[in-house]
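Report on the following structure.
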Amino acid sequence: MRKVGSVEVVEKFGVCNLDYHKTCNSGWCFDEAKKDFDWNYTGLVNIAHEAIDRHAASWRKNKVALYWEGPNREHEKYTFSELKALSDKFGNVLRKAGIQKGDRVFVYLPRIPELYISAIAIAKVGAIFAPLFGGFRAEAVRDRMNDCEARMVITTPDMKRLGIDPIRAEVPSLETVIVCKADASYKYGEGELNFDAEMTYAPEEFKMEWCHLEDPVIMHYTSGTTGKSKGVVHVHNAMIGHYITTKWVQDLRDDDVYWCTADPGWVTGTSYGIFGPWLCGASQVIYAGRFTADAWYSIIDRHKVTVWYTAPTALRMLMKAGDDVAAKYNLKSLRYITSVGEPLNPEVIRWGMKVYDLPIHENYWMTETGCNMIANFYNLPLKIGSMGKPVPGIQAAVVDDKGNVLPPGVPGNLVIKPEWPSMMRGIWNNEEKFKEYFRIPGWYVTGDSACVDSDGYFWFMGRVDDVIKTSGERVGPFEVESALLEHPACAEAGVIGKPDPLYGNIIKAFIALKPGFEGTEELKREISEFVKTKLAAHAYPREIEFKSSLPKTRSGKIMRRVLKAQELGLPLGDLATLDDE
Ligand code: 6R9
0 MRKVGSVEVV
10 EKFGVCNLDY
20 HKTCNSGWCF
30 DEAKKDFDWN
40 YTGLVNIAHE
50 AIDRHAASWR
60 KNKVALYWEG
70 PNREHEKYTF
80 SELKALSDKF
90 GNVLRKAGIQ
100 KGDRVFVYLP
110 RIPELYISAI
120 AIAKVGAIFA
130 PLFGGFRAEA
140 VRDRMNDCEA
150 RMVITTPDMK
160 RLGIDPIRAE
170 VPSLETVIVC
180 KADASYKYGE
190 GELNFDAEMT
200 YAPEEFKMEW
210 CHLEDPVIMH
220 YTSGTTGKSK
230 GVVHVHNAMI
240 GHYITTKWVQ
250 DLRDDDVYWC
260 TADPGWVTGT
270 SYGIFGPWLC
280 GASQVIYAGR
290 FTADAWYSII
300 DRHKVTVWYT
310 APTALRMLMK
320 AGDDVAAKYN
330 LKSLRYITSV
340 GEPLNPEVIR
350 WGMKVYDLPI
360 HENYWMTETG
370 CNMIANFYNL
380 PLKIGSMGKP
390 VPGIQAAVVD
400 DKGNVLPPGV
410 PGNLVIKPEW
420 PSMMRGIWNN
430 EEKFKEYFRI
440 PGWYVTGDSA
450 CVDSDGYFWF
460 MGRVDDVIKT
470 SGERVGPFEV
480 ESALLEHPAC
490 AEAGVIGKPD
500 PLYGNIIKAF
510 IALKPGFEGT
520 EELKREISEF
530 VKTKLAAHAY
540 PREIEFKSSL
550 PKTRSGKIMR
560 RVLKAQELGL
570 PLGDLATLDD
580 E
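Under numbering that gives the first Met the number 0, the first residue of the sequence shown carries the number 0, and numbering increases by one thereafter.
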């Protein structure tokens, strides 16, 4: 390690199949990547064909695509040919249930093999794969399904009971529920199908739905600062971004065993936990169990994981668990580690270099960008604490509100020049929201602030809006506030992200109670629990503070900015719009 200015630099070694400086900003990399796909020669497009069937018809046919491990060490493995056959069959099941090109199919499953088979099969019939976090509960599920008029959901009996049954009658478009892993005593209701039984009788012969590159195939619901969650639409063309960045940013090669720890309910678990690695023909590990340091290290040890894509909160928890836990396992197989979702603390990288004998390569992107935008590539000197440099073919900049590019060191809006293959093509049913991303002429606006240094590395400063990142999960304050207001005791609620050493941020709620309610500890617990069961296990306030009233604008909007400044002891800023009543 050596120091350059105030920044520590680690020189990286290793085989390099990317000449960063040659490829940078030329845009050729995307054209180059197309040559690796069948559609470049046949004109017949489907991301599932390129991710699975193409390999099933090649020397990779008997290569393991998926090493699956369950919560109790149950394990299964699937080759590319097996995944092709299973997704062909499930494609027939979907068609028999009436699913057609363009239909929205929700997958509300734990990370069991059925989730991955579903994702591929949904793409194969030309429908839109909409993954939902297992942690979501009824109202979050209902709002998302109604927003895009979902026709089908694939789930398990337990999740159905928590997330679907309470709201089934409120989602008129939902025709079919496919139930996975039900035991013999399960009673199928109207419109419900048994995954296993359907698969047993489904024909093997399948006809792929050939699509246009610009046809939608993936939709992720994500949160903004106002309003309900938005459906971010990605098209088959996104495969180019998934593929090239998995190769270059994750440095994935044919002999790797790759493990992305993310759930597909988060974009990382779809772009880099389903499509990216399979588009590269790689073997990937999926662990369906919960996080413990022992469980995670033992996955790396037993599966001989070589490339590991994870997130800052997990790394901080591993650091907290202590070096002794790491020492119990053989982690020597690891050759490359990457992280995304929130800023990665320099001390975590330094700790990683000691314990894993490897640096952790941070990268940056978001649901809407579909693939990594900025990264610490393996062949660049790593600047600890920086997000790295733009992916070749991507032009990123820091600009002021008018779009003027700012000089090095000056913070401003982090923006990206549209468009690239995996950029979102729309927000479902919401042209207005989509347009907001292009409010600075000529740029896609990320909503983050950053600065560039004189070497062209990007440094994250923060969100410019109220979006909260907690344990790497993106949570919109509005959704939490709406859930809070449904509690009988809450008159007003304002929600902020409060910095936290482990979770990055925690959700803190300020609540004004209705008359007659007393702000007890008991009530705090009850309210937290209420949000958990309505919205999601990760989106509840870990901290609640009762206040007699909340700061509002004259038009009655809660001023989260003021709550946050008060909480952090910062200047309150411009209070011209504050209603001083
Ligand atoms: C992939 C993903 C996107 C937001 C993004 C930014 C934050 C992501 C980061 C980072 C600091 C990094 N973010 N990577 N902040 N350093 N390396 O996380 O997608 O859930 O849509 O969140 O996450 O604020 O705008 P998503």
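C-beta atoms are modelled at their ideal positions from N, C-alpha and C, and glycine is treated no differently.
Predicted model only: the values in this text are computed from it and were never measured.
Output needed for residue i: all residues of its chain with C-beta closer than 6 Å, excluding positions within five of it in sequence on either side, in chain order.
i	result
VAL530	ALA482, TYR539
HIS54	PHE79, GLY280
MET158	TYR107
TYR185	PRO156
LEU192	ILE177
PRO202	ASN91
LYS100	GLY125, GLU208
TYR66	LYS76, VAL284, HIS302
Taking C-alpha atoms, which residue in the options lies nearest to residue i?
i	options	result
MET460	VAL409, ARG143, ILE506	VAL409
VAL63	SER548, SER282, SER554	SER282
PRO440	VAL398, ILE426, SER448, GLU341	VAL398
TRP427	TYR220, ARG473, ALA84, GLY568	TYR220
THR368	GLY133, TYR66, GLU204, MET218	MET218
ARG586	PHE274, THR267, ASP52, TRP258	Residue 586 falls outside the range modelled here, since the chain spans only 0 to 580, and no answer is possible.
VAL474	PRO165, ARG103, GLU197, PHE132	PHE132
ILE243	ASN371, HIS74, ARG110, VAL479	ASN371
PRO550	VAL494, GLU517, LYS513	VAL494
THR519	ALA168, LYS513, PHE545, LYS95	PHE545
Indicate the three-state DSSP secondary structure (helix, strand or coil) for residue i in the structure shown.
i	result
PRO498	strand
ARG633	Only positions 0 to 580 of the chain appear in the structure, and residue 633 is not among them; the question remains open.
THR576	coil
PRO389	strand
LEU569	coil
LEU512	strand
CYS15	In this prediction, CYS15 has a pLDDT of 40, which is less than 50 and means its spatial position is unreliable; nothing more can be read from the coordinates.
PHE29	helix
PRO345	helix
GLY503	strand
ILE439	coil
PHE614	No answer is possible for residue 614: the residues shown for the chain start at 0 and end at 580.
GLY351	helix
ALA326	helix
ASN24	The predicted model places ASN24 with a pLDDT of 49, which falls under 50 and marks its position as unreliable; any figure quoted below should be read in that light. In this structure, ASN24 counts as coil in the three-state DSSP scheme.
THR312	helix
ARG1	Any reading at ARG1 must be qualified, since the residue scores a pLDDT of 39, below 50, and its modelled position is unreliable; the value itself is stated next. In this structure, ARG1 counts as strand in the three-state DSSP scheme.
Excluding the five sequence neighbours on either side, which residues of its own chain have a C-beta within less than 7 Å of the C-beta of residue i, listed in chain order?
i	result
PRO420	PHE29, ASN236, ALA237, ILE239, GLY240
HIS48	ASP37, MET207
SER5	Any reading at SER5 must be qualified, since the residue scores a pLDDT of 41, below 50, and its modelled position is unreliable; the value itself is stated next. For SER5, where only same-chain residues beyond five positions count, there are no Cβ hits under 7 Å.
THR469	GLY496, TYR502, GLY503, ASN504, ILE505, ILE506, HIS537
ARG553	THR576, ASP578
TRP209	LEU43, VAL44, ASN45
SER448	PRO410, GLY411, ASN412, LEU413, MET460, GLY461, VAL463
GLY190	GLU174, THR175, VAL176
LEU114	VAL106, LEU108, PRO263
VAL231	MET218, HIS219, THR221, THR366, GLU367, MET423, ILE426
LEU330	TYR296, ILE299, ASP300, TYR355
Skipping 5 residues on each side, what residues in its chain have a beta carbon closer than 8 Å to that of residue i?
i	result
ILE526	LEU483, HIS486, ALA488, CYS489, ALA508, ILE510, PRO540, ILE543
PRO311	SER338, GLY340, GLU341, PRO342, LEU343, ASN344, VAL347, GLY471, GLY503
TRP458	GLY384, SER385, MET386, ALA449, CYS450, VAL451, ASP452
LEU212	TRP38, VAL44, VAL234, HIS235, ASN236
VAL404	ALA396, VAL397, VAL398
Tell me, which residues are paired with residue i by DSSP?
i	result
VAL474	ILE467
THR154	TYR107, VAL178
THR552	LEU577
GLY493	PHE509
GLU361	SER338
ILE557	LYS551
PHE128	VAL104, ILE217
GLY461	SER448
Taking 6 Å as the cut-off, is the beta-carbon of residue i closer than that to any non-hydrogen atom of the ligand PLP?
i	result
VAL176	Because the ligand PLP does not appear in the structure shown, any question about it cannot be addressed here, the ligands present being the ligand 6R9.
#### Entry: Completely contained alpha helix (DSSP H) runs for the stretch 160-221, where each covers 4 or more residues
194-200
### Entirely enclosed alpha helix (DSSP H) segments - the stretch 39-113, minimum 4 residues
79-95
#### Entry: Every unbroken beta strand (DSSP E) within the stretch 225-307, with a cutoff of 3 residues, ordered by chain
229-234, 256-259, 282-286
#### Entry: Those runs of the beta strand (DSSP E) which lie wholly inside the stretch 370-434 and span at least 3 residues
The stretch 370-434 contains these whole beta strand (DSSP E) runs: 395-398, 411-415.
### Message
Quick check on the DSSP output: what are the complete beta strand (DSSP E) runs of length 3 or more inside the stretch 526-551, in order along the chain?
### Response
542-545
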